[in-house]
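Below is one structure, written out as structure tokens; comments come after it.
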Amino acid sequence: AAGVIQSPRHLIKEKRETATLKCYPIPRHDTVYWYQQGPGQDPQFLISFYEKMQSDKGSIPDRFSAQQFSDYHSELNMSSLELGDSALYFCASSLDYEQYFGPGTRLTVT
Amino acid sequence: KNEVEQSPQNLTAQEGEFITINCSYSVGISALHWLQQHPGGGIVSLFMLSSGKKKHGRLIATINIQEKHSSLHITASHPRDSAVYICAVLRPYSGGGADGLTFGKGTHLIIQP
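Going down the list, the protein sequences come from chains A and B. Residues in the first sequence are numbered from 78 upward in steps of one, following our numbering. Residues in the second sequence are numbered from 295 upward in steps of one, following our numbering.
In structure tokens, the structure reads:
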């Protein structure tokens, strides 16, 4: 069965650079969620989209923005990167309440 | 106090043992997820529960909504079950259409051969 796809899987950026993470939900899933998991931390909810509209907002910094496109894929844009942004970024998709997670993008900021 | 509390934080057991991981939450929920995460790896959803009990292979999850408590059980544990098990709750629908999960700190499980 098709799963959630995230790209890239690994990304290395320098401080103050920008990064774009992509998430391709399971086919027919209309909802996408973004989570951030710092080293040794539990995941934190960032933002979600339902039917291409922003739905819920968590602890997403103002330097980050995201959107969901007409094909339901989503992109998380991160600007002015800081060392503390180094984390595993998960995307999840759902059609109802159950969320299915992607493999994550590991972002390292140097 | 965290809204989602798990116990134990760390658990080491011998292969074949029956494992129980507990999750208590202090907020109203519409559903609860049990997730599995291997070191450096992605997150796999094991169960989503809103009531009662679910079973999949050697895994069993139960939830008591009145007591705000859920348990994950592993029967006949095996070294490949070694992972972090995370309880995460979904708040009642707030009208936004897609609410993020609130996660517990996870239980680090090691099953020794």
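Yeah, the Cβ is synthetic: ideal placement off N, Cα and C, and Gly gets one too. Note that the structure is predicted; figures quoted are calculated from it, not measured.
Residue environment, residue 370 of chain B, which counts as buried when at least 16 other CB atoms sit within 10 Å: The Cβ neighbour count for residue 370 of chain B, taken over all protein chains shown within 10 Å, is under 16; the residue is labelled exposed.
For residue 160 of chain A, the three-state DSSP class (helix, strand or coil): Three-state DSSP puts residue 160 of chain A in a helix.
Which listed residue (B/347, B/398, B/329) has its alpha carbon closest to that of residue 175 of chain A: It is B/329 whose Cα lies nearest to the Cα of residue 175 of chain A.
Under 7 Å from any heavy atom of the ligand GTP, does the C-beta of residue 314 of chain B make it? For the ligand GTP, the structure offers nothing, since it holds no ligand at all.
Is the Cβ of residue 404 of chain B closer than 8 Å to any Cβ of chain A? Residue-level contact by beta carbon fails for residue 404 of chain B and chain A, as no gap is shorter than 8 Å.
Can you tell me where the beta strand (DSSP E) with residue 401 of chain B in it begins and where it stops? It spans 401–406 - the beta strand (DSSP E) in which residue 401 of chain B sits, taken as one unbroken run.
Run the CB neighbour count on residue 407 of chain B, radius 10 Å, all protein chains shown included, and call it buried at 16 or more, exposed below. Under this definition residue 407 of chain B is an exposed residue.
Selected residue, minimal CA-CA separation from residue 148 of chain A, among A/155, A/157, A/129: Ranked by Cα distance from residue 148 of chain A, the first of A/155, A/157, A/129 is A/129.
Does the structure place the region 114–125 of chain A close enough to the region 97–104 of chain A that three or more beta carbon pairs sit under 8 Å? Touching, no.
Chain-order list of residues whose beta-carbon lies under 7 Å from that of residue 89 of chain A (same chain, five-residue window excluded): Taken in chain order, the residues that qualify are 185, 187.
Measure from the C-beta of residue 113 of chain A to each C-beta in chain B and report whether the shortest distance is under 8 Å. Answer no: the Cβ-Cβ gap between residue 113 of chain A and chain B never drops below 8 Å.
Skipping 5 residues on each side, what residues in its chain have a beta carbon closer than 8 Å to that of residue 307 of chain B? 313, 371, 403, 404, 405, 406.
Nearest-angstrom beta carbon gap, residue 331 of chain B and residue 401 of chain B [assumed within contact, 8 Å]: That belief does not hold up - the Cβ atoms of residue 401 of chain B and residue 331 of chain B are roughly 11 Å apart, past 8 Å.
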